[in-house]
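The sequence shown begins at 1 in my numbering and counts up one residue at a time. Cβ coordinates follow ideal geometry from the N, Cα and C atoms, glycine included. Okay, so here's the structure we're looking at.
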Amino acid sequence: MPEEIRFEDAGLPSRLVLAELARQHAGDIDWRGGRAPLYVFSATQEVQALGQAAFNEFFSENALGARRAFPSLMRMEREVIGMGLDLFHGREGGVGNMTSGGTESIVMAVKAARDCARKRSGNAALTGNVVLPLSAHPAFDKGCTLMDIEMRRIPLTSELVADAALMERACDDNTLMLVGSVPCFPYGTIDPIAELAAVAKRKGIWLHVDACVGGWMAPFVREIGREIPAFDFAIDGVMSLSADLHKFGFCPKPASTIFYRSTELQACQEFVFDVWPSGRFATQTLVGTRPGGAVASAWAVLRHLGRDGYRKIAAELMAMRDAYLDALLEIPGMKIRGKPALANIAFGCDDVDMGKVATLMSERGWLPGMVRTPPSLHLMLSLHHAGAREAYVKDVAAAIKAARAGDDIAATSASYG
Ligand SMILES: *Cc1c(COP(=O)(O)O)cnc(C)c1O
């Protein structure tokens, strides 16, 4: 630790604290100017302002107490889940819950799959394994590590999507879950969910669709005429689906959704306990206390935008993404990795050290997003990236030219991640 931090006796007036916060803010990456390739998602300023106001309206309420104390939050969560089930073709018997993020949604799905397998097999100590594509999010490993479940990450096809045949071969009697991403984080490619569902059905294994990044956007991208294959409960065999509201749903953090095909599957995620002095304690998801603001603001943004609003954003977002792709492809030797379906893309030149390109980008004031294999830069585009396109692509072109010509002797290759 470079400095000794103390908890001072004297407090500071709020005015000074707020001034200090603003000062601290000034040192952060200029995400509004499009300098950060991920972490912040945005639609319009109106959506941002509405989300913030709705969050503040329920700033102090706790969604842990929704059932007993805050019927407003109960109703809003039910409506958010209802809108999601309508969107993801899960209305017949489908159910779901709000969570604090994609990680929690995924951990809950893994727990539900394991506990359903335990119930079915009568083996209460069953740990088992999860078979997933190499490109699936580390949240699965986090969940499996917590539950002592073995992870089997399977190489991708040359199109950078899940290889259903290889995944099928990796399954055995103890496989709890198969996973496909819509899309995956590294390349934005969509795994062949229908093929994975066929494997899942043949083997009697739970299929989880990780639509954390793309779930609340992909249906609208399809509706504006782009190619998005079926990926949700319309496909027989999909048992659970995770979709983050705080990514391309443009709702304030922390907010995600986890959906199940039936209440019977959902029952396996629940935690019920009553061996302590305070009596029965039951939660559907991992956390206890949950911000009421996250529920209210998600409800507000969904109600405000409606399907029309999301379609309009989808059209703007995809047009902007295409403009980025077109401009990047003018750089000699540039390749887009796989076939990105939405607004997260990876790209690079195979004859250039992309780690050095990343270092040069960072010297020019960009936070470089990176993918390790194949070595690439990464972008997760939101509407606030629109104005940065020309400057960004110009700097990528210059960095690649310098790295290729060897003008970058000083630049060391940035490490990935
Ligand atoms: C972001 C993401 C997650 C994890 O979500 P968090 O909200 O960061 O916990 C899971 N899967 C995919 C594909 C993601 O992009």
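Residue 214 by DSSP, collapsed to three states: which one?
Numbered from its first residue, the sequence shown carries residue 214 at position 214. Of the three classes helix, strand and coil, the one that applies to residue 214 here is coil, per DSSP.
Drop a sphere of 10 angstroms on the beta-carbon of residue 77, count the other beta-carbons inside from all chains shown, and report buried for 16 or more, exposed for fewer.
Locating residue 77 in the sequence shown gives position 77, where the first residue counts as 1. Buried, by the Cβ-count rule.
Please confirm whether residue 348 and residue 367 have their CB atoms less than 9 Å apart.
Your numbering for residue 348 matches position 348 in the sequence shown. Your numbering for residue 367 matches position 367 in the sequence shown. Cβ atoms of residue 348 and residue 367: not closer than 9 Å.
Tell me residue 260's beta-bridge partners as DSSP assigns them.
The sequence position of residue 260 within the sequence shown is 260, counting from 1. Looking at the DSSP assignment, residue 260 forms a beta bridge with 95 and 240.
The beta strand (DSSP E) that contains residue 369, what's its start and end?
If you number the sequence shown from 1, residue 369 lands on position 369. Unbroken beta strand (DSSP E) run through residue 369: 369-371.
I'd like to confirm the pairing. Which residues does DSSP put opposite residue 100 in its beta bridges?
Taking the sequence shown and counting its residues from 1, one reaches residue 100 at position 100. In the DSSP output, where bridge partners are listed per residue, residue 100 has none listed.
Under the criterion of a Cβ to heavy atom distance below 8 Å, does residue 8 qualify as lining ligand 1?
Here residue 8 corresponds to residue number 8 of the sequence shown, with the count starting at 1. Residue 8: no, Cβ never under 8 Å from ligand 1.
Should residue 394 go down as buried or exposed, given a rule of 16 or more other Cβ atoms within 10 Å for buried?
Mapped onto the sequence shown, residue 394 falls at position 394. Classification of residue 394: exposed, given that the 10 Å Cβ count is below 16.
At least three beta-carbon pairs within less than 8 Å, the stretch 130-142 to the stretch 100-110:
These segments touch.
Could you pull the DSSP bridge partners for residue 175 from this structure?
Translated into positions along the sequence shown, residue 175 becomes position 175. Note: residue 175 is bridge-paired with 129 in the DSSP secondary-structure output.
Within 8 Å: the Cβ of residue 33 and any heavy atom of ligand 1?
Counting from one through the sequence shown, the residue named residue 33 turns up at place 33. No, the beta carbon of residue 33 sits no closer than 8 Å to any heavy atom of ligand 1.
Is the beta carbon of residue 343 closer than 9 Å to that of residue 317?
Numbered from its first residue, the sequence shown carries residue 317 at position 317. Numbered from its first residue, the sequence shown carries residue 343 at position 343. Taking 9 Å as the Cβ cut-off, residue 317 and residue 343 qualify as a contacting pair.
Got a sec? Which residues, its chain only, sit under 7 Å from residue 117 by beta carbon, not counting five neighbours each side?
Position 117 of the sequence shown holds residue 117. Closer than 7 Å at the Cβ level, and outside the excluded window around residue 117, lie 126, 128 and 176.
Using 8 Å for Cβ pairs, my map puts residue 134 next to residue 153. What's the rounded Cβ distance?
Taking the first residue of the sequence shown as position 1, residue 134 is located at position 134. Taking the first residue of the sequence shown as position 1, residue 153 is located at position 153. At roughly 5 Å, the Cβ-Cβ gap stays under 8 Å, so residue 134 and residue 153 are in contact.
Along the chain, where does the alpha helix (DSSP H) containing residue 297 start, and where does it finish?
The residue labelled residue 297 in the question sits at position 297 within the sequence shown. According to the DSSP assignment, residue 297 belongs to the alpha helix (DSSP H) that extends over 292-329.
Roughly how many angstroms separate the alpha carbons of residue 31 and residue 264, rounded to a whole number?
Position 31 of the sequence shown, counting from 1, holds the residue named residue 31. Position 264 of the sequence shown, counting from 1, holds the residue named residue 264. Cα to Cα, the separation comes out at about 43 Å.
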